[in-house]
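These notes are about the structure you will find just below.
In the working numbering, the protein residues as written are 17 to 117.
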């Protein structure tokens with residue numbers, strides 16, 4: 017009849033499990049909120065022919081000086097794309113080509 021006895025320790029154990037699960041959920045939510053949108057960006061080796069209007073990509077094709085990449089912003093019809101060279105240090109969340117995975 018051991019299973020029928022309830023001691024003060026049993027209630028704490030179930031409460032501890034609930035707190036541990038809630039803590040894990042809180043850590044997961046904090047990690048998701050801290051993730052920056054730039055993590056989804058990619059460093060391209062060449063400039064694509066088609067781009068969505070107003071989208072921004074980064075291209076490392078050697079057209080900029082050392083330590084810089086080409087920032088290309090898409091444009092609507094009949095307008096030119098905006099291109100500028102930006103330092104590689106500005107792209108903290110963008111994975112670099114040749115980086116270890």
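Even glycine gets a Cβ: it sits at the ideal position worked out from N, Cα and C. No experiment lies behind these values; they were computed from the predicted model shown.
Rounded distance between the beta-carbons of residue j and residue i, thought under 8 Å
i          : j          : result
residue 99 : residue 85 : No, residue 99 and residue 85 are not in contact; Cβ-Cβ is about 11 Å, not under 8 Å.
residue 90 : residue 97 : 6 Å
Rounded separation between residue i and residue j - CA only
i          : j          : result
residue 37 : residue 60 : 40 Å
residue 83 : residue 46 : 33 Å
residue 70 : residue 33 : 48 Å
residue 63 : residue 42 : 40 Å
residue 73 : residue 58 : 7 Å
residue 54 : residue 39 : At residue 54, the pLDDT of 48 sits below 50, so the modelled position is not reliable; the number obtained from the coordinates is stated separately. Their backbone Cα atoms lie some 27 Å apart in a straight line.
DSSP three-state assignment for residue i, whether helix, strand or coil
i           : result
residue 100 : strand
residue 44  : helix
Test: residue i CB closer than 8 Å to a CB of chain B
i          : result
residue 99 : Annotation note: the requested chain B is absent from the structure, which comprises a single protein chain.
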